[in-house]
Amino acid sequence: MSDSVLSVRNISKSFGGIHAVRDVSFDVEKGEVLGLIGPNGSGKSTLFNCVLGQLRPDRGEVQINGHRVGNMRASRLNKLGVGRTFQQLSVFPQMSVLDNIILAGQEHHGNMATRLFGPSDAGLTKEADQLIAFFRLEHLRDEMAGSLSYGQQKLVDAAMAFMAGPSLVLLDEPAGGVNLTMLGNLRERLETYNREHGTTFVVIEHNMEFVMSLCTRIIVLAEGAIIAEGTPDEIRSNQQVIDAYLGG
Amino acid sequence: MTRKSILFTLVALIALILVPLGQGNYIIYVLTSWLVFSIAAMGLNLTLGYAGQISLAQAAFMGIGAYIAALITLAGYHWVLGWLAAMGGTFVIGLLLGYPALRVQHHFLAFVTLAFNTLVFLVLRNEDWLTGGSHGLVGMPRPNFFGLSTGTNLEFYYFTLVLFVISGAIFYWIVNSPWGRAFKALRENPVRAESLGVDTRRITLLAFAIGSAFGGGAGAIMSPLVQFIEPGSFAFIHSLKILLMVVVGGAGFFFGPILGAAVVILLPEFLRFTEGYYLMIYASLVIVLMIYSPSGLIGAGQKLYARLRPGRETRKDMEKGAQL
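Quick note, the sequences are listed as chains E and P, same order.
Under the UniProt record's numbering, the residue at position 107 of the first sequence is numbered 107, and the numbers go up by one with no gaps.
Under the UniProt record's numbering, the residue at position 155 of the second sequence is numbered 155, and the numbers go up by one with no gaps.
Rendered as structure tokens:
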């Protein structure tokens, strides 16, 4: 359990009489890319929010890098090495792409005093430029993030999640609303990042092609419980998953 | 800072040095008031324009600063001590006022700060033993610095100009530091900011505390400028006046509140020749400006610049003005 980057143990969460998540347990090892899939209302988002400390589970425990999450604040979780993206676009639209990326890293450098008395870029311009280049956004570096296309903003959003060098990144529907060309670019960049840095990913996604090609392991949820777990090939051929989610 | 903005700042500074020369006492007093209110508006610009936290209590902080400085100087201590105490005191009180902002936002927060302004007004009016009640405090001395007097209005103008430049430099330094970036992130998307490691609680409190300290500092200058302070000078209506300065000038822009303070303090003086109509003309101009450019005069200037030089990129942020 303690060797896992993420360890979820017996998580249950109900809202009134609705059991959103029922006794879910799994571990995610370093460098793994885990996909969480399931039909709408299967409990993916509730589970995601329990993992991120935004919802307190009724039972069970979540540990990230050996630290119990509980209802830890998001900023504290980020300092423990957790990056995340949101289902909705969540760049800072009135700041440049460069400033968005620098912001994503500045709180990990120095303390409040050095962030006031030190350089205005917190010494991060070079590092931010490298990440901008990695996500092939150089030509947009000084543009306001809000003026970019939806797909470009998704890339900026993803880049922000990586700026602080996290050990675990949770991606909430990264492919949602992104066109095919941009989607291929995003997947290829995520794969490369995972290969080069060994960062662990947990991905919630409805785009099956994206999930099957990116993830090394997939967990399928239905009615709040795990109904299948395995490699993409195993999941594709699992009759229970086909019946509950993938369809004929 | 670009070469163009350094040049602009230098020209503006030279203009500010030259403008009171040959003017009468009243004009110099009005110009000094403009500089003082610009400092207070800078603080509100940080809280509202940069960090997105509405505050309708900036006049209360000016009042607290003015009374602290007045009490200290009337007790025989140097004004600098009063100034530092005013800023320190309002920083701490601003920090405390920031706590409600952790729980409520927008118009709810506006009402909390409005209530605070009313509370401060009532304390200043009712606690006669300390504040002089409705009669206020009189006779605060203007300070001397190593033999240099600030006794005449022109001397006091230059003294205020120095403090204005210091305040502007501190403001510029803060908003261009990583703190400034965190303030803007708080304004634009606090949930995302928190997920990136920004301690939004601490940043919210700091936005209130620093903004309030600018108000306190301005109040401490007001005290020896007018040499008579009373609670009515720091009532809620004056907080609205400072809010108007920020919004009319351009919230979230460095020069916005300075320009806004010029409009609110100086424009009525220019319109005096219209006699009874000047308030109506003034109000109409403000309404037209807000309809045409919610981002204030700076935003209007940028729109004009973009129209004249269509190929040039201008700032796109704060196009919709401050989110009150």
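Cβ coordinates follow ideal geometry from the N, Cα and C atoms, glycine included.
- Residue range 106-126 is occupied by the alpha helix (DSSP H) that includes P/ASN126.
- Following the DSSP letters along the chain, one finds P/SER195 inside the alpha helix (DSSP H) bounded by residues 190-195.
- P/ARG192 has a beta carbon lying within less than 8 Å of a beta carbon in chain E.
- Between P/ALA60 and chain E, the shortest Cβ-Cβ separation is not below 8 Å.
- By a beta-carbon distance limit of 8 Å, E/ALA145 contacts E/SER96. Their separation comes to about 7 Å.
- Contact note: P/GLY197 reaches chain E through SER75, ASN78, LYS79, GLU107, HIS108, ALA164, using a C-beta cutoff of 7 Å and chain order.
- In terms of Cα proximity to P/LEU71, the closest of P/LEU130, P/GLU155, P/GLU188 is P/LEU130.
- When C-beta atoms of the segment 186-206 of chain E are compared with those of the segment 227-236 of chain E, fewer than three pairs fall below 8 Å, so the two segments do not count as touching.
- Rounded to the nearest whole angstrom, the CA to CA distance from E/ASN40 to E/LEU47 is 13 Å.
- For P/SER177, the C-beta contacts it makes with chain E under 9 Å involve ARG115, LEU116, PHE117, GLY118, PRO119, SER120, ALA122, in order along the chain.
- Remark: fewer than three beta-carbon pairs, one from each stretch, lie closer than 8 Å, so the segment 189-198 of chain P and the segment 30-38 of chain P are not flagged as touching.
- Between E/VAL8 and E/VAL24, the C-beta gap is smaller than 8 Å, which places the two residues in contact.
- With fewer than 16 other beta carbons inside 10 angstroms of its own, P/ASN25 counts as exposed.
- Chain order gives the chain P residues near E/ASP99 as ARG181, where near means a beta carbon separation below 7 Å.
- Here DSSP, grouped into helix, strand and coil, assigns E/MET212 to helix.
- When the five nearest sequence neighbours on each side are left out, the beta carbons in the same chain lying within less than 7 Å of the beta carbon of P/THR118 are those of PHE236, in order along the chain.
- Annotation: Cβ neighbours of E/ARG84 in chain P (cutoff 7 Å, chain order): SER195.
- Chain P places no beta carbon closer than 8 Å to that of E/ILE64, leaving this residue out of the contacts.
- Counting along the chain, E/LYS13 sits inside no alpha helix (DSSP H); it lies in the beta strand (DSSP E) bounded by residues 6-15.
- Under the Cβ criterion (8 Å, minimum of three pairs), the segment 164-171 of chain E does not count as touching the segment 11-23 of chain E.
- Counting of Cβ neighbours within 10 angstroms places E/GLU209 among the exposed residues, the total staying below 16.
- Of all residues in the segment 147-160 of chain E, those with a C-beta nearer than 7 Å to a C-beta of chain P are SER147, MET160, reading in chain order.
- For E/ARG56 and E/ASP27, the gap between their C-alpha atoms comes out near 19 Å.
- In the structure shown, E/ASN49 adopts helical secondary structure according to DSSP, grouped into three states.
- In this structure, the alpha-carbon of E/ILE227 lies about 15 Å from that of E/GLY247.
- Burial check for E/GLU205: the Cβ neighbour count within 10 Å reaches 16 or more, so the residue is buried.
- Between the alpha carbons of P/THR2 and P/THR9 lies a gap of roughly 11 Å.
- With a threshold of 16 other beta carbon atoms within 10 Å, P/LEU7 falls short and is exposed.
- Taking a cut-off of 8 Å for Cβ pairs, the segment 205-223 of chain P and the segment 82-90 of chain P touch, as three or more such pairs fall below it.
- DSSP, reduced to helix, strand and coil, places E/ALA145 within a helical segment of the structure shown.
- E/ASN185 sits in a helix when the DSSP states are folded into three classes.
- The alpha-carbon separation between E/LEU190 and P/ALA182 amounts to approximately 27 Å.
- Rounded to whole angstroms, the separation of the alpha carbons of P/ALA209 and P/ILE93 is 7 Å.
- Of the candidates P/PHE156, P/LEU137, P/GLY249, P/PHE156 places its Cα closest to the Cα of P/PHE145.
- When 7 Å is used as the limit between beta carbons, E/SER90 is near these residues of chain P: ASN189, ARG192, in chain order.
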